[in-house]
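Under the working numbering, the first residue of the sequence shown carries the number 29, and numbering increases by one thereafter.
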Amino acid sequence: MKNVGHSIRKIDGMAVATGKPVYTEDLAMPNALVIKILRSPHAYAKITSIDVSRAESIEGVECVLTYRDVPNQRFTLAGQSYPEPSPYDRLILDQVLRYVGDEVAIIAAVDEKTAHRAMKNIKVEYEVLDPVLDFEEAIGHPSVVHPEEDLSVNFDIGLQKEMNITSASHEEVGDVEEEFKRCAVIVEDVYYPQAQAHTMMETYRSFTYLDHAGRLVVLSSTQVPFHIRRQLARALKIPASKIRVIKPRIGGGFGGKQTGAGDIFAAIVTIKTGKPALIIYDRKETFSATTSRHAMRLKVKLGADSDGIIRAIDMEVLSDTGAYGEHAPTVLSCVGHYTLPLYNKTRAVRFDGKAVYTNKMPAGAFRGYGATQGTFALESTVNKLAEQLNMDPTEIRLKNISKVGETFLTGQGVALGSTSLDRCIAKGKELISWEEKFPRQEIGDNKVRAVGMAITMQGSGIANIGTASVEIRLNDDGNFTLLTGATDMGTGCDTILTQIAADALEVPMEMIIINAGDTDTSPYDPGSYASSTTYLAGSAVIKAAEELRGKILEQGALFLGVSVEDVEFDGLAVRTLRGDKDISFAKLAELTVLGNGKLQLVGYATHGSEVSPPPYVAGFAEVEVDQETGKVDLIDYVAVIDCGTVINPALARIQAEGGIAQGIGMALYEQVRYDEIGRMATNSFMQYKIPTRKDVGKIRIAFEESFEPTGPFGAKSIGEVVANTPPPAIAHAIYNAVGVRENHLPITPEKVFLGMLK
């Protein structure tokens, strides 16, 4: 293949690096109204009165909207398949405010200064209520976060709103208690992975206007344009056909932009005023009024025989979904879905989880989507099991992982189609020099170095739910247009899909124009999430290309006066098998589109999968710990990845490095924190620490390819799985260094130092 498997530069890489792509704000009309949001200062309160008359009288203020001025229709901002599993539990503006930062009023003015002045002139009186701030105390708390009667769900997700339970998930195979009785060794522990902020470069923003036909046009920095259209239609009570959503360039998402933010406020201003409107979240709003990773408590119990074969896994999870239930049921279920099958020699497994409402900023989708939290807990417990059995942690994993053709206890009998996890572990051991360094080495100056490891899995799309549609046209000039709804948010999927299309059509990449992210022109795609783009959209590209190839051969044969069996693709032409006649794609297109053919040749395909093949990662960390201060320096991180066929090694490597950096931040630095009355204490980069280039140390990436028979050219996903191993691997290395087993993330120097004093 000329393109797949090669490190081709991103087709927009140079433009991005030089600041040329047009982002949402760049496309806004200069006369657009500026929108600002008055936000709640209380974690839980009810508006008893609100006076906007002084604000409305200020020159340049176009409108001020409160809960009395907006539709009373509950909806969810989660960008998910339809019907959404997340509860319909929010209004555009509500009289009841459920976290510090919840929306009180929408102000639209001619400029930012005027909007801020108007905001200061809104008088609000509140009845302050007792908030639910500790998620471990949420169930049965005297305060009910969502007492309203019109909250609804599309499925039975285990909602018990009077108990503050947003959703519940239970999965059990085999007799767990009986199997534990047979185990020679049992280990258990409790883990607390924290809430984590997305910290993407481009904050949330949306620009709206009415087109010549009176349709609402929304330009949004979103991963899910089709879902945004559905959210707006429901919340605003207008037909989806009256809404067009366009996705420009996106400056990062990491799952945060799988949840709507700001679009609804700009949209309702445009509908109310008829004027263009622009909303841009500042960094404080991005930190404190959008979503974060779900903070969780995970209790894990493992049982194994004396040979180290894991026979039983029991996992109990409590998840903090915050004030609204965006993604609550699906993130919760994914904790078990992406961890219980990691070790398939089990005879019994049990997962029991609950997501609870609290009066904090909502949690939502975040790279790893529950697998990150579950991996930290499970892998930390497996490392504890290995120590108790006096086994090498790499060896206990090699004894328990799956092989091709085997099935998972929780996998409904579906056989594993591809894995090279055993080779990933072996390669990682070699790269980190495991045999020489495990478990620790004294290096002098009261410092010690140690290594730790973990493995993980994720999915590739959502089995039997996720789909992607693609259209490829042969244009009148002989080039091709690839239309897709898949969203490139900096990941490079525009490049990946173009590579796949070029090889499937056997044409140069330069002949393919990709157009993506417009609900009026793009085929339906749920968006870029669930590690689905390469796996699902890539497969749809191949199907569409194959259909178009067939049409090109058929039309070429017609113009050449031979049967379709007598022609073949040959470079940029259709040629007879004898080689005596040919017609170029350019001439074929001219005759087909403009001349006697009267038919533009188009290939179209929709692809979904009955399976979600797991990518795997073996992660190895080397740390240096100062025994006098507890300071931890990450010296080296090795990740060996099985993502099937690597479509573009350079882009895959970048994805991996970025995900690992986020995992390092979760392990050592990052935490969304609140004060005693529910105000976020980490609402700027002054308080919220993310790792710098110096902090992440040396990151080394290697690939051990497998071939996934259901994926495009054998590919699986890579986007999320790479974030999962750093927390447990680094925690393991720290324990090996100084004997401190810290289960509350992040692992700060203070925690390590105090742990050494015990």
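Beta carbons: idealized from backbone N, C-alpha and C, even for Gly. Predicted model only: the values in this text are computed from it and were never measured.
The Cβ atoms of MET389 and THR367 lie no closer than 9 Å to each other.
Using a Cβ distance threshold of 9 Å, ARG425 and VAL442 do not count as a contacting pair. Taking ARG243 as reference, the option from PHE293, THR314, ILE185, ASP548 with the minimal CA-CA separation is ASP548. Sequence-distant Cβ neighbours of PHE254 in its own chain, meaning closer than 8 Å and more than five residues away, are VAL273, GLY513, THR547, TYR552, ASP553, PRO554, GLY555.
Within the region 225-266, the complete alpha helix (DSSP H) segments at least 4 residues long are 253-264, listed from N- to C-terminus. Between GLU534 and GLY599, the alpha-carbon positions lie close to 7 Å from each other. Three or more Cβ pairs closer than 8 Å define a contact, and the region 478-495 meets that threshold against the region 559-569.
In the DSSP annotation of this structure, the continuous segment of the beta strand (DSSP E) that includes ASN543 starts and ends at 540-544. Annotation: GLU685 to GLY280 spans about 15 Å, alpha carbon to alpha carbon. Apart from sequence neighbours up to five positions away, the residues of its chain that approach TYR237 with a beta-carbon distance below 7 Å are MET57, VAL245, THR298, PRO304, ordered along the chain.
Here GLU207 is buried. Its C-beta has 16 or more other C-beta atoms within 10 Å. When rounded, the separation of the alpha-carbon atoms in LYS329 and SER430 is 20 Å. Ranking SER347, GLN683, THR422 by CA distance to the CA of ALA196 puts SER347 first.
ALA730 is bridged by DSSP to VAL668. Within the model, the alpha-carbon separation for TYR371 versus ILE338 is close to 7 Å. A residue is called buried when at least 16 other Cβ atoms come within 10 angstroms of its Cβ; PRO643 meets this threshold and is buried. In the DSSP assignment, GLN188 forms a beta bridge with ILE193. When the five nearest sequence neighbours on each side are left out, the beta carbons in the same chain lying within less than 6 Å of the beta carbon of LYS300 are those of CYS91, in order along the chain. The alpha-carbon separation between ILE727 and PHE293 amounts to approximately 41 Å.
In the three-state scheme derived from DSSP, where H, G and I count as helix and E and B as strand, ASP420 is classed as coil.
Burial of PHE648 is indicated by the presence of at least 16 other C-beta atoms within 10 angstroms of its C-beta.
Comparing alpha-carbon positions, the option among GLY607, VAL645, ILE266 lying closest to ARG451 turns out to be VAL645.
Counting only runs of at least 4 residues, the region 675-726 fully encloses the following alpha helix (DSSP H) elements, listed from N- to C-terminal order: 677-696. Between the alpha carbons of VAL181 and PHE315 lies a distance of about 28 Å. Within the DSSP secondary-structure output, ILE341 pairs in a beta bridge with LEU330, VAL377. Spanning the alpha carbons of LEU125 and GLY392 requires a straight line of approximately 19 Å. Where ILE274 is concerned, the enclosing beta strand (DSSP E) starts and stops at 271-274.
Between the alpha carbons of GLU778 and ILE296 lies a gap of roughly 48 Å. The DSSP-derived three-state label of TYR220 is strand. Under the 10 Å beta carbon count, LEU785 is surrounded by fewer than 16 other beta carbons and is classified as exposed. For LYS151, the uninterrupted beta strand (DSSP E) segment begins and ends at 151-156. DSSP, read as helix, strand or coil, puts GLU534 in coil.
Here SER77 has GLU153 as same chain residues with Cβ atoms under 6 Å from its own Cβ, once five neighbours each way along the sequence are excluded. The continuous stretches of beta strand (DSSP E) do not include ALA212, and DSSP gives it neither H nor E. LEU61 and VAL132 do not touch by the CB rule: their CB atoms are close to 19 Å apart, not below 8 Å. ALA73 and GLN222 have their alpha carbons spaced roughly 26 Å apart.
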